[in-house]
Amino acid sequence: MEPMQALSQDHRVIERMLNVLESAVARVQSGAQVRAALFVEAADFIRNFADACHHRKEEEGLFPALEMAGLPRHGGPVGVMLGEHDEGRRFSAALRAAAEKLAAGDAAAAQEVAHSARNYTGLMRQHIMKEDNVLFMMARNVLDPDRQAALSEQFSRIEQEANCREKYLALVDALERELQAKV
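Now the structure itself:
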């Protein structure tokens, strides 16, 4: 599979989790019950699928390839994406901390969870749009077929090392079903 297509497929999975988070936050804020551990599980997904798998593919593979092809890190799209990855890590760490407090029985942490989840989902929706519609198009234009094939192999290795695909696809499926069952 072409590397930018693989990254876009990751984005679709991440967007499904963003939908789960937004739905769960809306329910909490409307007074409905949502299992507190759902937010801890969502934070686990973010850390291990979105970051340790997807962002790792970009940071260890795509971004260096783009730099070697002449796209600058500083002052260019690669630097912007890296900055957003760091910002996402801060938001997801805050989400995890608040979710763990909520799961431990601190009902007041629900507002922190909602705030952190909104920050994360807002950032990631914009980030994904930029990558899908700008960065990946640039990559297709500047990376030759051999470099793209090497990236595809590297992405496969990263997924195997991180063991991130099946487990986290199943988690998204389960959380979607859980929220649909409560409609």
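Once you know that position 173 of the sequence shown is 173 in the numbering used here, the rest is easy, because the numbers rise by one and skip nothing.
Idealized CB from N, CA, C, for every residue including glycine.
C-beta atoms of Val187 and Ala110 nearer than 7 Å: Residue 187 is absent from the model: the chain starts at 1 and stops at 183.
Check Asn119 in the structure and name its three-state DSSP category. For Asn119, the secondary structure class from DSSP, reduced to helix, strand or coil, is helix.
Determine contact between the segment 42-60 and the segment 88-100, defined as no fewer than three beta-carbon pairs at a distance below 8 Å. The segment 42-60 makes contact with the segment 88-100, as at least three CB pairs between them are under 8 Å.
Is it buried or exposed for Pro72, if we count other Cβ within 10 angstroms and need 16 for buried? Pro72 sits exposed, since fewer than 16 C-beta atoms from the chains shown fall within 10 Å of its C-beta.
Okay, do the segment 114-130 and the segment 57-73 touch, 3+ Cβ pairs below 8 Å being the bar? Contact annotation: the segment 114-130 does not touch the segment 57-73, with fewer than three C-beta pairs closer than 8 Å.
Val20 to Ala162, Cα distance in whole Å? Their backbone Cα atoms lie some 23 Å apart in a straight line.
For the 8 Å Cβ check, are there 3 or more pairs between the segment 72-88 and the segment 7-14? By the criterion of at least three beta-carbon pairs nearer than 8 Å, the segment 72-88 is not in contact with the segment 7-14.
From this set, Glu84, His115, His85 and Leu82, which residue's C-alpha is nearest Arg96's C-alpha? Nearest option by C-alpha distance: His115.
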